[in-house]
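In what follows, a single structure is set out as structure tokens and then discussed.
Protein chains: 2
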Amino acid sequence: MKEEATGAPRRDRVSPFKVAIVGFGTVGRSVARILCEHTPVELRLTHVYNRDVERKRVSWVPPHVEWTGSIEDVLSSNVDVMVELIGGLKPAENWIRRALLSGKSVVTANKQLISQRGPELLELARRQGERIGFEASVAGGIPVVSGLQAGLAGDQLFRVAGILNGTCNYILTRMEASRWPFVAAVKEAQDLGFAEANPAEDVDGYDARAKLAILARVGLQCQIHPSDIVCRSISVIEAIDFTYALRLGCTIRQVSRAEKDVHGEAQLFACVQPALVPLSSPLARVQGSQNLVMTTGKFGGETVFSGHGAGGDPTAVAVVSDLIGIARSRRELDRLGRSKSKNAIYRIPRGKSHRVIGEFASSHYVRFTVRDRPGIIASLATIFSNYGINIDAVFQEPGSDKSRLPFVITLEECSNSVLESALGEIKNFDFHVQPPVSLPILV
Amino acid sequence: MKEEATGAPRRDRVSPFKVAIVGFGTVGRSVARILCEHTPVELRLTHVYNRDVERKRVSWVPPHVEWTGSIEDVLSSNVDVMVELIGGLKPAENWIRRALLSGKSVVTANKQLISQRGPELLELARRQGERIGFEASVAGGIPVVSGLQAGLAGDQLFRVAGILNGTCNYILTRMEASRWPFVAAVKEAQDLGFAEANPAEDVDGYDARAKLAILARVGLQCQIHPSDIVCRSISVIEAIDFTYALRLGCTIRQVSRAEKDVHGEAQLFACVQPALVPLSSPLARVQGSQNLVMTTGKFGGETVFSGHGAGGDPTAVAVVSDLIGIARSRRELDRLGRSKSKNAIYRIPRGKSHRVIGEFASSHYVRFTVRDRPGIIASLATIFSNYGINIDAVFQEPGSDKSRLPFVITLEECSNSVLESALGEIKNFDFHVQPPVSLPILV
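Quick mapping for you: the protein sequence lines, in order, are chains P and L.
Letter 141 of the first sequence, counting from 1, is numbered 458 in our numbering, and no numbers are missing.
Letter 242 of the second sequence, counting from 1, is numbered 559 in our numbering, and no numbers are missing.
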């Protein structure tokens with residue numbers, strides 16, 4: 318007999334919060350496993366959607382769960398929340414809108430969608446009295462979205478920096494540990510399932526900038542579009558760069574940084590790029606596919622969050638944590654006789670739009686690869702001097718082939734655009750075997 | 318004209334959330350400064366209580382704020398939330414109870430009170446429809462209470478470990494960096510205001526165990542009393558221990574650890590003690606007065622939170638973040654026409670009580686200080702062997718006085734109680750200049 322038919326008073330009963338998983342890949346399976354094994358009392362898995370669902374069916378999910386290959390079965394059902402795990406903009410955005418419009422909250426791991434359409438979707442959710450949880454869209458299992466929006470709400474954060482792409486970090490730490498060439502490290506990451514067949518989304522920084530855009534919104538209250546963030550690829554890094562970096566007490570990481578302009582708050586510096594970071598920095602200590610987010614606030618100073626930034630189980634923890642948050646809040650509203658909230662679980666504040674700049678001042682590391690001949694340093698020094706850039710030091714590891722000689726010049730603090738102009742002129746010299754590689758040295 | 322007198326519809330107005338600060342020391346001043354400078358729209362400082370309040374008055378607080386030396390002025394006022402920053406059990410507990418009973422929520426940084434009376438106070442708050450925020454009671458500005466309860470709610474955490482006392486960490490990292498004696502490092506910490514005149518609360522572990530008890534409740538759902546947690550003092554550590562630790566690839570930290578028994582959930586290992594930690598561990602990298610909390614979950618693996626664990630401004634960030642959380646939730650309820658919640662801001666789940674054990678197995682480091690003579694190692698080896706403890710290695714730094722010779726024996730994994738029995742017997746030998754110092758080696 319169904320509970321609804323007993324006629325007994327319902328006061329002490331908690332109706333389960335019904336969950337549909339849309340997209341049964343690695344993360345979807347992990348979410349299902351936590352919901353089935355761990356069974357947080359509030360949550361009950363009722364639907365699993367996937368294209369061609371039969372090949373996805375697993376035996377450890379309870380028989381009451383409906384498996385479907387039609388999204389309409391989910392959208393027309395009475396589930397309380399849809400977990401969107403298909404990724405990409407289409408059809409995810411449309412399905413999320415329809416879910417919200419049909420009285421469902423949404424939990425998503427979709428960084429591209431949230432970074433590009435987050436404000437509109439959160440506004441729709443607010444109007445509908447529904448919630449959108451997107452903790453899983455940034456840094457997997459590390460609770461950084463809730464950390465920025467709840468735990469650090471009392472601070473005035475002005476900087477967010479981090480290692481937001483585990484694939485790049487795996488590749489770079491592999492090159493660091495074994496002095497492997499870039500392509501060999503990519504190959505291993507692909508073999509281990511950390512990198513896609515086409516690794517451009519990761520290595521060129523597009524994945525990280527979507528996450529940085531989300532962090533800039535939730536932590537710095539800056540409305541920016543990910544496409545405004547300058548990205549530089551890690552594919553220019555060679556094993557020898559780690560050797561030179563070590564001589565400077567540094568290593569190399571793909572660093573995502575966003576910082577409010579302290580002189581006028583309408584512009585934001587934001588960039589995703591490989592950089593030299595001191596070995597003593599928390600950024601340098603991030604190994605393998607781990608992620609790290611470091612915030613700086615006016616009152617609280619630096620706070621660091623780190624852990625597993627990807628993978629089915631850690632990402633599923635973020636999804637289930639959002640589900641529990643939504644279910645608890647719904648249960649409280651139920652007790653008050655209201656079924657709908659007017660607060661989104663996370664806010665993307667309607668702060669002013671920010672102009673994004675990729676311009677910054679720092680010391681720089683520049684590696685040249687040349688056919689050696691007398692006068693090269695003099696030629697370079699003349700150009701740098703013409704641009705007002707001071708040379709700090711020149712390094713050369715012994716034992717290289719004179720026809721393909723790498724050496725490094727470190728430069729005192731200058732703006733990256735001035736350096737780029739100088740390098741534009743320097744590139745015209747005929748002694749280069751390959752273009753110079755310049756990296757900022759972060760302090 | 319007061320807004321209340323206009324008769325205009327109040328729909329779009331948000332009544333400010335009125336805050337009283339009780340205790341205007343370092344943290345209280347920082348909270349006031351954030352509320353006055355930063356002015357989060359929801360919050361309005363209306364009262365400051367302190368004994369002998371006139372000597373505390375500052376000019377930068379707006380004139381509408383009422384300064385009082387009588388707690389009755391706060392308790393009988395219409396403030397929405399009382400921020401308790403006086404510390405200790407009495408009269409803080411009584412004042413918090415009266416605040417809750419008179420319709421005020423509470424935010425507190427009081428680790429002793431929350432660790433000892435948290436469950437009762439949260440139950441009272443729940444009955445009253447009020448909330449208690451205590452993020453500031455653990456690890457200052459690091460948002461770990463909200464991190465464990467919201468961001469990691471979807472995981473099943475089974476271990477919490479961390480550096481929870483900044484004073485001890487300052488002392489130990491000073492000894493590590495300068496090879497200073499313990500007393501000199503304590504003196505410097507006192508001169509800098511990091512340590513009390515009587516540093517026992519910090520160095521003997523009582524401060525950290527209160528925080529560990531809170532983390533065990535909120536993260537591991539284990540009801541334990543801080544007095545059940547075994548504490549060992551860091552005062553036995555000497556500069557030479559850092560030299561020996563380094564030979565083992567380790568350093569020394571005051572480590573607070575709690576771990577659920579995986580075989581039966583009714584007991585919890587919990588301990589606060591100095592320990593050798595590998596240089597590669599996040600625990601080893603915590604410098605100065607910083608704090609760090611590391612959780613381990615079944616699904617999300619290790620997640621690390623670190624930052625400023627003490628100090629006025631970081632602790633005030635935690636207080637203000639709790640205030641914002643309570644104000645936002647109150648505002649949502651206001652919109653629904655209800656003034657009271659039935660959910661505490663943080664839950665201390667009514668999980669079963671756990672028996673706390675201080676028993677654990679690990680490798681150990683034991684430093685002996687002896688008047689040298691032949692046969693000492695043989696005597697020690699015989700006793701260890703009688704207790705079934707295997708010696709791993711013996712180290713001796715050169716150049717010590719034979720009448721006061723330190724040397725170190727490392728032992729393979731054994732239980733700490735068996736080791737203590739062996740050391741109890743070993744202490745009877747007449748070659749000791751001072752009692753042996755044993756430290757677990759954490760991996």
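From the three backbone atoms N, C-alpha and C, an ideal C-beta is built for every residue, glycine too.
Predicted, not measured: the structure shown is a model, and the values here were computed from it.
- Every unbroken stretch of the beta strand (DSSP E) spanning 3 or more residues and falling wholly within the segment 653 to 739 of chain L is given here in chain order: 672 to 674, 678 to 687, 708 to 712 and 722 to 732.
- When the beta-carbon positions are compared, residue 458(L) and residue 620(P) come within less than 9 Å of each other.
- Excluding its 5 nearest sequence neighbours in each direction, residue 673(P) has C-beta neighbours in its own chain below 7 Å: 541, 545, 546, 585 and 587, listed in chain order.
- At a Cβ-Cβ threshold of 9 Å, residue 386(L) and residue 422(L) do not count as neighbours.
- Residues are counted here when their Cβ sits less than 8 Å from a Cβ of chain P; for the segment 632 to 644 of chain L these are 633, 634, 635, 636, 637, 638, 639, 640, 641 and 642, given in chain order.
- Distances from the CA of residue 363(P) to each of 565(P), 452(P) and 399(P) were compared; the closest alpha carbon is that of 399(P).
- Across the structure, residue 492(L) and residue 630(P) are spaced so that their CA atoms are roughly 40 Å apart.
- Of 380(L), 616(L), 757(L) and 391(L), the smallest CA-CA separation from residue 731(L) is found for 757(L).
- Residue contact check for residue 602(L) against chain P: a CB pair falls below 9 Å.
- With fewer than three CB-CB distances shorter than 8 Å, the segment 517 to 537 of chain P does not count as touching the segment 561 to 569 of chain P.
- Taking the beta carbon of residue 401(L) as reference, no residue of chain P falls within 9 Å; the closest one sits roughly 16 Å away.
- Within the segment 458 to 483 of chain P, the residues whose Cβ lies closer than 9 Å to any Cβ of chain L are, in chain order, 458, 459, 460, 461, 462, 463, 464, 465, 467, 468, 469, 470, 471, 472 and 473.
- Taking a C-beta cut-off of 7 Å against chain L, the contacting residues of the segment 610 to 628 of chain P are 614, 616, 617, 618, 619, 620, 621, 622, 623, 624 and 625, listed in chain order.
- Residue environment analysis places residue 358(L) among the exposed positions, since fewer than 16 neighbouring C-beta atoms fall within 10 angstroms of its C-beta.
- With a threshold of 9 Å between beta carbons, residue 595(L) makes no contact with chain P.
- Here residue 567(L) is bridged, per DSSP, to 595(L).
- Straight-line measurement puts the Cα of residue 401(P) at about 55 Å from the Cα of residue 368(L).
- Remark: C-beta atoms of residue 746(P) and residue 680(P) do not approach each other more closely than 9 Å.
- One alpha carbon belongs to residue 486(L), the other to residue 613(P), and they sit about 22 Å apart.
- Out of 649(P), 705(P) and 352(P), the CA that lies nearest to the CA of residue 470(L) is found in 352(P).
- Residue 429(L) sits in a helix when the DSSP states are folded into three classes.
- Look at residue 446(P) here: in three-state DSSP terms it is coil, with no helix or strand label.
- For the options 736(P), 391(P) and 719(P), the alpha carbon positioned closest to that of residue 691(P) is the one of 719(P).
- The continuous stretches of alpha helix (DSSP H) do not include residue 476(L), which lies in the beta strand (DSSP E) extending over residues 474 to 480.
- Given a length threshold of 4 residues, the segment 348 to 377 of chain L has no whole run of the alpha helix (DSSP H) inside it.
- At a cut-off of 4 residues, the continuous stretches assigned as alpha helix (DSSP H) that sit fully inside the segment 460 to 537 of chain P are 483 to 495, 499 to 508, 517 to 520 and 523 to 537.
- By the criterion of a C-beta distance shorter than 6 Å, residue 476(P) is surrounded in its chain by 576 and 613, once the five residues flanking it on both sides are discounted.
- Using a CB distance cut-off of 9 Å, residue 440(P) does not count as an interface residue toward chain L.
- The alpha carbon of residue 382(L) has as its nearest neighbour, out of 394(L), 532(L), 365(L) and 371(L), the alpha carbon of 365(L).
- The criterion of a C-beta distance shorter than 9 Å is not satisfied by residue 427(L) and residue 394(L).
- Within the segment 517 to 550 of chain P, no residue places its CB atom closer than 8 Å to a CB of chain L.
- Residues of chain P whose Cβ lies closer than 8 Å to the Cβ of residue 726(L) do not exist; the shortest such Cβ separation is about 31 Å.
- For residue 410(L), there is no enclosing beta strand (DSSP E); the residue is found in the alpha helix (DSSP H) stretching over 409 to 418.
- The C-beta of residue 397(P) comes no closer than 9 Å to any C-beta of chain L.
- Listed in chain order, the positions of the segment 732 to 752 of chain L with a beta carbon within less than 8 Å of a beta carbon of chain P would be empty, since no residue qualifies.
- For residue 355(P), the nearest beta carbon of chain L is closer than 9 Å to its own beta carbon.
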